[in-house]
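Undergrad:
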Amino acid sequence: MRIEALIAVVAVLSATTAEAACPIELAVYGDRDGAAEIDFRPTLESATVTNSFKMVLDNSVVLDGVVMWSQDVARPNGMLMHQCPEGDVTGEEIEACTVWQGVVYSVDEQGNVGLLPRERIAAAAPKKLIFSDLGHGLRTSAAYGPQGFSKVPWDVFELKGCQE
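Residue numbers (mature numbering (1 follows the signal peptide of the UniProt record, and there is no 0)): -20 to -1, 1 to 144.
1) Alpha carbon to alpha carbon, what distance is there between MET61 and ASN39?
2) Count the C-beta pairs between the segment 129 to 136 and the segment 94 to 107 that are closer than 8 Å, then say yes if the count reaches three, no if not.
3) From MET48, ASP44, TRP80 and GLY82, pick the residue whose C-alpha is nearest to that of GLU66; which is it?
4) Less than 7 Å between C-beta atoms, sequence neighbours within five positions excluded: which residues of the same chain meet that for ALA(-6)?
5) I need the straight-line Cα distance from VAL41 to GLY115, nearest angstrom please.
6) Measuring alpha carbon to alpha carbon, tell me which residue in PRO126, SER50 and THR78 is nearest LEU95.
7) Express the C-alpha separation of THR28 and TYR85 in angstroms, rounding to a whole number.
8) Whose C-alpha, out of VAL93, ALA123 and GLY125, is nearest the C-alpha of PHE111?
9) Any idea which residues DSSP pairs LEU109 with across the strands?
Structure below.
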């Protein structure tokens, strides 16, 4: 019986190590319909941005994403932008190129819903992410249609892998 118990402990530790092997800033997610993929990337030194990612859609459309935590009620507020101007931009310019804004939720192995972890806390990538009302926001954006992407992703993304 002791050997079986030892094997069970090793299995649990191995699974925990494997799950922790992918930090959020290197995680890759996909939606259930294969319409989009999200690739997180390390955020450079920033006082406000806690996570950075890109969303790749069909027709080679790439949306740039950032997450900034609110201060009043702590929430990870995500933004997806399409073809924003570079350099010193105004709030109006950012608003014009923003195609989605919303809270990003995480779902763990047990189905518990939480908030997207900040990358600097060395958190393992959650099993699933929920981008609240993403489909509606993207469908009504200027990036959707004949000159943009044609497939609207589901709001829930599942961990597919880890970048190296």
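All C-beta atoms in this analysis are idealised placements derived from N, C-alpha and C, irrespective of residue type, glycine included. Predicted, not measured: the structure shown is a model, and the values here were computed from it.
TA: Checking against the coordinates, here is how it stands:
1) Numbered from 1 along the sequence shown, position 59 holds the residue referred to as residue 39. Numbered from 1 along the sequence shown, position 81 holds the residue referred to as residue 61. So the two alpha carbons sit approximately 16 Å from each other.
2) no
3) The sequence position of residue 66 within the sequence shown is 86, counting from 1. With distances taken between Cα atoms, GLU66 lies closest to ASP44.
4) Walking along the sequence shown from the start, residue -6 turns up at place 15. Bear in mind that the predicted position of ALA(-6) carries a pLDDT of just 39, short of 50, making it unreliable; the figure below should be weighed with that in mind. So no residue of the chain qualifies.
5) Taking the sequence shown and counting its residues from 1, one reaches residue 41 at position 61. Taking the sequence shown and counting its residues from 1, one reaches residue 115 at position 135. C-alpha separation (whole angstroms): 15 Å.
6) Position 115 of the sequence shown, counted from the start, is the residue given in the question as residue 95. Nearest C-alpha to LEU95: SER50.
7) For the purposes of this step, residue 85 is taken as residue 105 along the sequence shown, with counting starting at 1. For the purposes of this step, residue 28 is taken as residue 48 along the sequence shown, with counting starting at 1. Cα-Cα distance, rounded: 19 Å.
8) Numbered from its first residue, the sequence shown carries residue 111 at position 131. Closest option to PHE111, Cα to Cα, is VAL93.
9) Locating residue 109 in the sequence shown gives position 129, where the first residue counts as 1. LEU109 pairs with SER86 and PHE137.
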